[in-house]
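Just so you know, the protein sequences line up as chains A and B, in that order.
Numbering-wise (my numbering), the first sequence opens with residue 23 and increments by one.
Numbering-wise (my numbering), the second sequence opens with residue 252 and increments by one.
Using N, Cα and C, we set each Cβ at its ideal position, and we do this for glycine too.
Below: one structure, written as structure tokens.
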Amino acid sequence: MSIPRPLRADTPAAPPEQPSPTPDSPGVRVEGVNKSYRRGQRVLSDVHLHIRAGETFGIIGPNGAGKTTLFGCMLGLLWPDSGTVSVAGLPPDHLEVRRLTGYLPERLTFDAGLTARQCLAFHHALAERPVRERPQEVEALLTQVGLDKAVWDRDTRKFSRGMMQRLGLAQALVGQPRFLFLDEPTLGIDPEGVLHLRALLRDIKSRGVTVIINSHDLAQLEKVCDRVAFFRAGRVEAIEDLGSPSATLTRHVLVVRWAGTQSLSPEQLATVSRETGATLMEPAEDALRFSVEDDWGASRLLGALLQAGLPVASAAREEGRLERFFQQQGDRTP
Amino acid sequence: MMSMPLYRSRVTRSFHRFSTLVPPLAFVMVSLAWSVAMLLYTNFLLTPEMELPKEIFLIPLGVGLSSIGRDATEGLLPVLLTRPLRRSTYVLSQWAAMGTVASFWALLHLVLQWGLIVAATPHGPMPLEVLYNAIGRVSLCLGMAATLVCFSTRLPGWGHLALWGVLFFIAERVLPGLGKDESARFALTVRQYLLGVLMPELDIRRTFAATPVSWLRLTTYFSNVTLMLLLGIHIFNHREVSYASR
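Below you can see the structure in the form of structure tokens.
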């Protein structure tokens with residue numbers, strides 16, 4: 023199906039019943055979307071995605087892969103050349119969808135001269151929230167995103183990037199959205215803020231909110247996302263389900279550290295690895311890295327290493343599944 | 252039709268921003284200072300006159316420094332347009348805010364001028380004349396706001412002011428010269444229409460003092476303003492606003 027540019031950007035106001043994105047409801051559907059810009063550059067090519075209601079979905083890919091353009095199409099800010107996008111079963115520029123949507127853009131700006139509290143109050147009013155609840159809801163949101171109370175009444179022009187990002191997140195949460203679109207949410211946030219954001223996302227997810235994150239921070243995506251789509255040259259190359267075990271999950275890297283000095287020669291290590299079905303990988307400075315088939319393989323390897331005389335102090339699965347997935351797909355760094 | 256939070260924020264912003272506060276304020280102050288200076292220089296012989304509404308066209312231009320194009324350039328649009336807000340509502344709110352602020356400055360200028368004339372002469376202008384002048388000013392401010400908002404729905408930054416300036420130059424300097432030629436008389440008609448779009452003004456006295464009432468003036472004004480607003484809404488409805496599309 024093809025949708026040329028709509029005659030009106032805003033579809034008529036809502037039907038009486040409000041769509042409620044429970045896990046059974048439609049979520050976000052992208053069907054065969056193509057998008058080119060005027061210069062003829064094709065940005066999205068036949069993109070198909072179904073983001074289920076209530077899931078946290080990540081989008082990764084190299085710069086210029088079309089991630090932000092896809093966001094624009096899903097938010098009704100850009101028109102696909104062909105294909106359809108629906109949010110909660112409605113067109114993305116439907117007013118009812120906008121009542122359900124929160125958006126944190128990558129390049130965030132607010133009206134100059136407003137304080138954080140005023141900014142949020144303005145967006146609270148635009149989101150058609152009750153005036154009576156405004157002061158309480160604004161303060162609750164500012165607290166929720168962890169913005170220091172001392173800066174609530176400070177001009178946002180004096181805010182650091184991290185503070186702006188927190189305020190932007192609070193702005194995206196105004197109106198209790200059911201669909202949250204976050205474009206690089208951890209950009210400029212300090213480590214404490216990242217932890218806070220992660221906890222916040224977990225809380226939001228527990229309330230059944232569908233969260234769609236576009237980020238280059240693979241480690242963070244891995245920690246919060248249920249599924250991640252890998253984008254390249256405007257196409258969805260692969261989708262990784264982080265919630266279910268897969269071949270890539272069972273085959274993992276085991277990092278082994280030892281006490282004292284490492285007494286085994288490279289030949290001995292190679293023999294132990296071969297005998298237990300593991301593969302010795304590029305060693306780190308103070309650790310050995312083995313690729314093992316599964317948890318049983320890891321257990322066999324550790325037993326053999328101890329038997330060979332290596333004083334094993336710790337062994338842990340190496341994190342970075344998404345990073346490996348990205349490298350397999352794109353063979354490049356984000 | 253109009254979003255009150257957006258309207259209020261745009262009105263407030265006009266008074267808080269240096270770029271939209273200083274030009275109209277400077278116009279009012281300089282104009283008043285000039286009148287006072289003339290009074291003092293001529294020893295109260297040359298009394299100031301109330302300026303005609305169309306002579307205050309610089310005020311809407313100054314207030315128009317902040318418009319949709321500025322919002323787009325500053326990256327405010329993507330977040331604003333993901334709110335439950337029709338694009339037509341956004342355009343109309345911008346227009347109403349710009350028209351209100353420009354009208355405020357134009358009326359402040361009129362009040363100060365009136366006060367000066369009353370203070371300097373035994374017989375000030377008749378209240379009805381002042382009312383006609385005030386309505387003329389407000390109509391010019393709202394009309395010019397419609398044109399400037401229409402231009403700014405597509406042009407970035409201060410592009411709408413540049414386009415207005417170019418068209419005004421053509422209307423004032425190029426077309427009259429062309430119209431002198433017998434074979435290009437249409438240039439004068441084009442000029443008249445172009446000025447009607449660039450500076451729509453409702454001359455109340457000439458509209459209602461005429462017998463019968465000059466409905467043509469009335470409908471021309473309202474049709475020009477409506478046309479510019481509809482055109483602006485149409486253009487803005489088709490505009491892609493993500494920063495990825497720049």
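| query | result |
| --- | --- |
| Distance between B/Thr-340 and A/Asp-170 (C-alpha atoms, nearest Å) | 35 Å |
| Those runs of the alpha helix (DSSP H) which lie wholly inside the segment 272–307 of chain B and span at least 4 residues | none |
| Status (buried if at least 16 other CB within 10 Å, exposed otherwise) for A/His-146 | buried |
| Under 8 Å by beta carbon: chain A residues contacting B/Pro-256 | Phe-144, Ala-147 and Leu-148 |
| Of the residues B/Val-448, B/Ser-254 and B/Leu-327, the one placed nearest A/Arg-129, counting alpha carbons only | B/Leu-327 |
| A/Tyr-125, DSSP secondary structure in three states | strand |
| For A/His-218, the three-state DSSP class (helix, strand or coil) | helix |
| Beta carbon proximity, A/Pro-127 to chain B, threshold 8 Å | yes |
| Selection from A/Asp-68, A/Arg-51 and A/Ile-82 that minimises the alpha carbon distance to A/Ala-75 | A/Arg-51 |
| B/Met-450 vs B/Gly-394 beta-carbon contact at 8 Å | yes |
| Contact test: A/Ser-313 Cβ vs the ligand PLP heavy atom, cutoff 7 Å | Because no ligand of any kind appears in the structure shown, any question about the ligand PLP cannot be addressed here. |
| Closer than 8 Å to chain A by CB, B/Glu-325 | yes |
| Anticipated Cβ contact below 8 Å, B/Gly-320 with B/Trp-466, distance rounded | That pair is no contact at about 35 Å. |
| Cβ neighbours of A/Leu-362 in the same chain (closer than 6 Å, five flanking residues each side left out) | Within the shown structure, residues of chain A are numbered from 23 to 356, placing residue 362 of chain A beyond reach of any answer. |
| Distance CB(B/Glu-491)-CB(A/Trp-101) smaller than 8 Å | yes |
| Beta-ladder partner(s) of A/Ile-226, from DSSP | Answer by DSSP bridge pairing: none, since A/Ile-226 is not bridged. |
| Within 9 Å of chain A by C-beta, residues of the segment 326–344 of chain B in sequence order | Gly-326, Leu-327, Leu-328, Pro-329, Val-330, Leu-331, Leu-332, Thr-333, Arg-334, Pro-335, Leu-336, Arg-337, Arg-338, Ser-339 and Thr-340 |
| is_contact[B/Ser-390, chain A] using C-beta, thresh 8 Å | no |
| Chain A residues whose Cβ lies nearer than 9 Å to that of B/Arg-264 | Asp-133, Ala-134, Gly-135 and Leu-136 |
| Proximal residues, the segment 83–102 of chain A versus chain B, C-beta separation under 8 Å | Thr-90, Thr-91, Phe-93, Gly-94, Leu-97, Gly-98, Leu-99, Leu-100 and Trp-101 |
| Proximal chain A residues relative to B/Trp-318, where beta-carbon distance stays under 7 Å | The sequence as given places Ser at residue 318 of chain B; Trp does not occur at that position. Under the 7 Å cutoff, chain A gives no residues; its nearest Cβ is about 14 Å from B/Ser-318. |
| Host beta strand (DSSP E) of A/His-70 (start-end) | 64–73 |
| B/His-267: contacting residues in chain E (beta-carbon distance under 7 Å) | No chain E appears in the structure shown, which is made up of the protein chains A and B. |
| Integer-rounded CB distance, given that A/Leu-243 should sit under 8 Å from A/Ile-73 | The pair is not a contact, with the Cβ atoms about 14 Å apart (cut-off 8 Å). |
| Proximity winner among B/Thr-404, B/Gly-366, B/Gly-315 and B/Leu-391, relative to B/Phe-487 (alpha-carbon distances) | B/Thr-404 |
| Residue environment, B/Ser-434, which counts as buried when at least 16 other CB atoms sit within 10 Å | exposed |
| CA-to-CA distance, A/Val-277 to B/His-267, given in whole angstroms | 59 Å |
| Within-8 Å CB hit, B/Val-492 to chain A | yes |
| B/Ser-260: contacting residues in chain A (beta-carbon distance under 7 Å) | Asp-133 and Phe-144 |
| Contact set for A/Arg-257: own chain, Cβ-Cβ below 6 Å, skip 5 residues either direction | Ser-67 |
| Beta-carbon contacts of A/Arg-183 that lie in its chain and below 6 Å, excluding the five residues immediately before and after | Gly-210 |
| Under 8 Å between C-beta atoms of A/Val-55 and A/Val-69 | yes |
| Strand pairing of A/His-274, partner residues [DSSP] | A/Val-314 |
| CA-to-CA distance, B/Val-417 to B/Gly-430, given in whole angstroms | 18 Å |
| Contacts that A/Arg-120 makes with chain B (C-beta to C-beta distance below 7 Å) | Thr-333, Arg-334 and Pro-335 |
| Buried versus exposed, by CB contacts within 10 Å (16 or more), A/Pro-45 | Bear in mind that the predicted position of A/Pro-45 carries a pLDDT of just 48, short of 50, making it unreliable; the figure below should be weighed with that in mind. Exposed, since its Cβ has fewer than 16 Cβ neighbours within 10 Å. |
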